[in-house]
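Inspection log for the structure reproduced underneath, given as structure tokens.
Chains as they are written, first to last, in the numbering used here: chain A, 4 to 212; chain B, 39 to 810.
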């Protein structure tokens, strides 16, 4: 994220400037390691370093609510969602951005929460499958997955649903090929793809109607 | 669904003769109101909302995170382990290894082979060396990196054919043969003499890995001497017995819960070392421990479909009658015995009629992880060989591939003493599939398309299958309880591994008791609170559990009828069960279930079902056929799957929606086996090259056929059991890869003997064809 040539303002917003990055990655230890003038300059300018096992406060906007947690710099958004906040719809499948089980929306776009550091997500609108619920009722995409049986074991399902939601927000009337492409970042080992396509098409139909 | 009739009558009863068993059998359902329809899952809400709690979602107060250190070499002896640095790290609660007192129990690699949880000699990459418990998975990973292990690297062998050579490094002292077996019927030599055409080909299938989306693992908690395990598993009772055995605990001290689980495909029929390590860590630190494998570890250590090399010799008369089948198969268990050739020859000896059959199997040890069962073990590999060989034979005989198969349909299971099949499912699948696919027209159209100039060549192919289990059987116990307000609770031990078991069973209850499936409360997959079931595997869950659920309902109904007879003052025989009420046959008198006085007093009425034995003299077997159309780019070797149709005869269709789900899922998995997946063990190092999903290619949304059609044979196999249903989950994936390979052959005229069929292998073969 943010590594797409976006302007400085956007990068600042993402907390991905060199300054922000250094702050979290422990300028203190770096100063010791580097030693020279550059390292000292960093150390003077920044907060004290944080070692693994210690946390810094990170405030996350998740499904419209603000959550502040003490997070290590290396903690992923997925880890914070699941193990710190108990939001377990996003699943852990590979921890390296290959399966999409952890897909969430960040500012309306599908993102792998396992490849997003918690601190990167600060200041952005994060949505998980829990946030698609309308009260205790399933949201539209969720209803379509239930109706068309766009799932089997269900482990990849919340991620598939978030990918579908992100696709439909960007393209409310996708063609079959656009659905296939839009869902191709999410693996389903049960192989429910044909039913997943039906579910996304059904959700698009209801969104239009 | 608005377009569905109120009752389903389209499932003719097949071979409607009464069962031979001594026990009186209840009548099958002549008409059904619920069964056979498209029914969204009873737990669709939990699965789609994200509220379903999978074992990896479990977070307990005080819980810490476990992790396992794996050996980085395929064959190595451990000289020393130093865990002191890891133990001193902040956030590390415990470290255990072979050096830790009371933390290295015996580990049963197989029925015959016992080793240690942390062995001194590691015979495969990823073998457990030590385990840690720490405040987070991050700290646990730091701790693993801080453990100093000195290894003595030893020579290794990773290829099963190389392992059979005389100078190959020995995996075990007594050599690299894990087992051999053979089978003979008739006389193959005479059969080959009678043949007008003899064909011999060798096929090879790469090892395929199950790699379910939820990694293998568990959360464990001790309460005194009682252990609770939340495990991602296909069978809680199997995990209970394994954990109890290794930790030497009574079964009543081990509770295993696994109601939701994120896929297994055979690899979660058993537990793993992680559960034992987690329990040992948790006991030392008096805290719950969550221990899930990393994705890399699931690929390294949590099972595979063994690689296989198969040589197949077929003989046939000019009219297509098979006169001889000879099959030689080599497979690899891995470092310990694990069924490396399990069921590998079954399709060769059982699918088509042939009097003269000889098979030989050799299971081999290699320095790689043990195999685990993988959706239709053996059958998927054999189908790749058998169905391509049949296709080649049809061409040699100038016969239609469907016609050749129809010519050789057996009346019974030849590998099981010719016991007659209860249905003519193979013929039905072939005929209905060919018709629904438009087989003959599609063949002609593809042939015409290939005459064109373009580099895109179309082809069609097909393959058939049976599956020797899929009949189910005892033991299984199910409880159905009715509460005072006439609502129902279903209690069964079986796991719903994504196949829709809970929904299918709720539909059986609904059919029998006249209640709404969604209103049924279901408890399942918990050894403390639910009844015994074998693991969900072998396509036997529906045929095992559905009749048992029905039996429990029938017993419950019986009790309710007794209650109604007493209350109404009429004979029991005068009463009929009519949904939410029981009434006299003439309709003049009746009582609503919720108004039954005995039910209101007793609060709960229960029926118990137990699975009865299957009739002994028949073969209860599911059948399948698949037809597909492909397009091959002869410049790039790229393969496009245009459409694929699956016909299945698995007895009664319980839920058409999840039935179709199984078909599309099985086809997808077959696409993976045939075209994208292969384990690659590095030559110089013996290490797994593709231990992530970037390099180990599962089929994605872009790899599956644009059109997958499910065409069930709707019949009721009355001899099978009192529901008339057989297993489906495995037959749906057996023929896929062979059908694709046959379609590729049709398209480009070269036969791909090895999996996977991908641009590299296709282009390679096309180039060779050009040269010769």
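Positions of the beta carbon are idealized from the N, C-alpha and C atoms, including for glycine.
No experiment lies behind these values; they were computed from the predicted model shown.
* Does any CB atom of chain B fall closer than 7 angstroms to the CB of residue 192 of chain A? -> yes
* With DSSP as the reference, label residue 748 of chain B as helix, strand or coil. => strand
* Check each residue of the region 141–166 of chain A: if its Cβ is closer than 7 angstroms to any Cβ of chain B, include it; give the result in chain order. => The residues in question are 141, 145, 148, 149, 150, 152, 154, 155, 156, 157, 158, 159, 160, 161 and 164.
* **Collapsed DSSP secondary structure at residue 156 of chain A in the structure displayed** => coil
* Asked: For the region 527–557 of chain B, which residues have a beta carbon sitting closer than 8 angstroms to at least one beta carbon of chain A?
  -> 535, 536, 537 and 538
* Using a C-beta cutoff of 7 angstroms, does residue 124 of chain B count as contacting chain A? -> no
* Indicate whether at least one CB of chain B lies closer than 7 angstroms to the CB of residue 122 of chain A. => no
* residue 144 of chain B - containing beta strand (DSSP E), residue span -> 144–146
* To do: Using a Cβ cut-off of 7 angstroms (strictly closer), state whether residue 14 of chain B contacts chain A.
  => Residue 14 of chain B is absent from the structure shown; chain B starts at 39 and stops at 810.
* Apart from the five residues just before and just after residue 61 of chain B, which ones in its own chain have a Cβ nearer than 6 angstroms to its Cβ? -> Low local confidence applies: a pLDDT of 45 at residue 61 of chain B is under 50, so the model's placement there is unreliable, and no value is given.
* Asked: Roughly how far, in whole angstroms, is the beta-carbon of residue 584 of chain B from the beta-carbon of residue 297 of chain B, given that I think they are within contact range, below 8 angstroms?
  -> Contact doesn't hold; Cβ gap of about 19 angstroms is too wide.
* Asked: For residue 730 of chain B, which residues in chain A fall below 8 angstroms Cβ to Cβ?
  -> Proximity of chain A to residue 730 of chain B at the Cβ level (cut-off 8 angstroms) is accounted for by 97, 99 and 101, in chain order.
* In three-state DSSP terms, what is residue 173 of chain B? -> Looking at residue 173 of chain B - three-state DSSP - the assignment turns out to be coil, as it is neither helix nor strand.
* Alpha carbon to alpha carbon, how far is residue 247 of chain B from residue 719 of chain B? Give it in angstroms, no decimals. => 13 angstroms
* Quick one: what does DSSP say residue 550 of chain B is sitting in, helix, strand or coil? -> helix
* With 9 angstroms as the C-beta to C-beta threshold (strictly closer), list the residues of the region 288–303 of chain B near chain A in chain order. => 298, 299, 300, 301, 302 and 303
* Asked: What residues in its chain sit with their C-beta under 6 angstroms from that of residue 48 of chain A, if we drop five residues either side in the sequence?
  -> Residue placement at residue 48 of chain A cannot be trusted, given a pLDDT of 44 that sits under 50; the coordinates are not used to answer.
* Anyone know if the C-beta pair for residue 661 of chain B and residue 382 of chain B falls short of 7 angstroms? -> Going by C-beta atoms, residue 661 of chain B is not nearer than 7 angstroms to residue 382 of chain B.
* To do: Return yes when the Cβ of residue 729 of chain B is within less than 7 angstroms of the Cβ of residue 466 of chain B, no when it is not.
  => Contact check for residue 466 of chain B against residue 729 of chain B fails: the beta carbons are separated by 7 angstroms or more.
* To do: List in chain order: all unbroken alpha helix (DSSP H) runs of 4+ residues lying wholly within the region 688–718 of chain B.
  => 694–709
* Asked: Quick one: what does DSSP say residue 269 of chain B is sitting in, helix, strand or coil?
  -> strand
* Which one of B:556, B:372 and B:351 has the shortest CA to CA distance from residue 387 of chain B? -> The shortest Cα separation from residue 387 of chain B among B:556, B:372 and B:351 belongs to B:351.
* Measuring CB to CB, does residue 304 of chain B end up less than 7 angstroms from residue 721 of chain B? -> no
* Asked: Mind checking residue 174 of chain A: buried by the 16 CB within 10 Å criterion, or exposed?
  -> exposed
* **In chain order, each alpha helix (DSSP H) run of at least 4 residues that lies wholly inside the region 608–662 of chain B** => 635–640
* residue 740 of chain B at chain A interface by Cβ criterion, 7 angstroms -> yes
* To do: For residue 671 of chain B, write down the residues that DSSP places opposite it in a beta bridge.
  => B:494
* Do the region 479–494 of chain B and the region 416–436 of chain B make contact, defined as three or more Cβ pairs closer than 8 angstroms? -> no
* What distance in whole Å lies between the Cβ atoms of residue 313 of chain B and residue 580 of chain B, which are believed to be in contact at a cut-off of 8 angstroms? -> About 28 angstroms separates the beta carbon of residue 580 of chain B from that of residue 313 of chain B, a gap too long to meet the 8 angstroms contact definition.
* In terms of residues, what are the limits of the beta strand (DSSP E) holding residue 305 of chain B? -> It is not in any beta strand (DSSP E) - residue 305 of chain B carries neither H nor E in the DSSP assignment.
* Asked: Can you tell me where the alpha helix (DSSP H) with residue 604 of chain B in it begins and where it stops?
  -> That run of the alpha helix (DSSP H) goes 579–606.
* To do: Taking C-beta pairs closer than 7 angstroms, name the residues in chain B that residue 133 of chain A reaches, listed in chain order.
  => 88
* To do: Would you mind telling me which residues of chain B sit closer than 7 angstroms to residue 86 of chain A, beta carbon to beta carbon, in chain order?
  => 97
* Who are the Cβ neighbours of residue 65 of chain A in its own chain at under 8 angstroms, not counting the five residues just before and after it? -> 84, 88, 90, 129, 130, 131 and 134
* the ligand HEM heavy atoms versus the CB of residue 107 of chain B: any closer than 6 angstroms? -> Ligands are entirely absent from the displayed structure, and the ligand HEM is therefore not among its contents.
* Terminal residues of the alpha helix (DSSP H) in which residue 439 of chain B lies -> 439–445
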